[in-house]
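Student: Numbering (the working numbering), first residue to last: 115 to 171.
1. Rounding to the nearest angstrom, what Cα-Cα distance links residue 155 and residue 148 in this structure?
2. Would you call the CB atoms of residue 146 and residue 126 closer than 9 Å?
3. Can you tell me whether DSSP reads residue 158 as helix, strand or coil?
4. Taking a contact to mean a Cβ-Cβ separation below 9 Å, would you say residue 158 touches residue 144 in this structure?
5. Start and end of the alpha helix (DSSP H) containing residue 129?
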């Protein structure tokens, strides 16, 4: 899903873009913050999603 043109770019941004290409009906978002900080500062952020994928948390 990630190719050479993605080198040096945000993994979250690249993967999100490629996932949307696979299915136009998917509304994908990415955020580049530490999950712990996001949960403390804006826990309602997650309420807009039906599925949240997190790695290495």
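Idealized CB from N, CA, C, for every residue including glycine.
Since the model is a prediction, treat every value here as computed from it, not as a measurement.
Tutor: Let's see:
1. Position 41 of the chain shown, counting from 1, holds the residue named residue 155. Position 34 of the chain shown, counting from 1, holds the residue named residue 148. Spanning the two alpha carbons is a distance of roughly 11 Å.
2. As a first step, residue 146 must be located in the chain shown, where it is residue number 32. As a first step, residue 126 must be located in the chain shown, where it is residue number 12. Yes, the Cβ-Cβ distance between residue 146 and residue 126 is below 9 Å.
3. Taking the chain shown and counting its residues from 1, one reaches residue 158 at position 44. DSSP places residue 158 in helix when its eight states are reduced to three.
4. The residue given as residue 158 occupies position 44 in the chain shown. The residue given as residue 144 occupies position 30 in the chain shown. It is not a contact, given that the beta carbons lie outside the stated cut-off.
5. The count along the chain shown starts at 1 and reaches residue 129 at position 15. Bounds of the alpha helix (DSSP H) holding residue 129 are 125-136.
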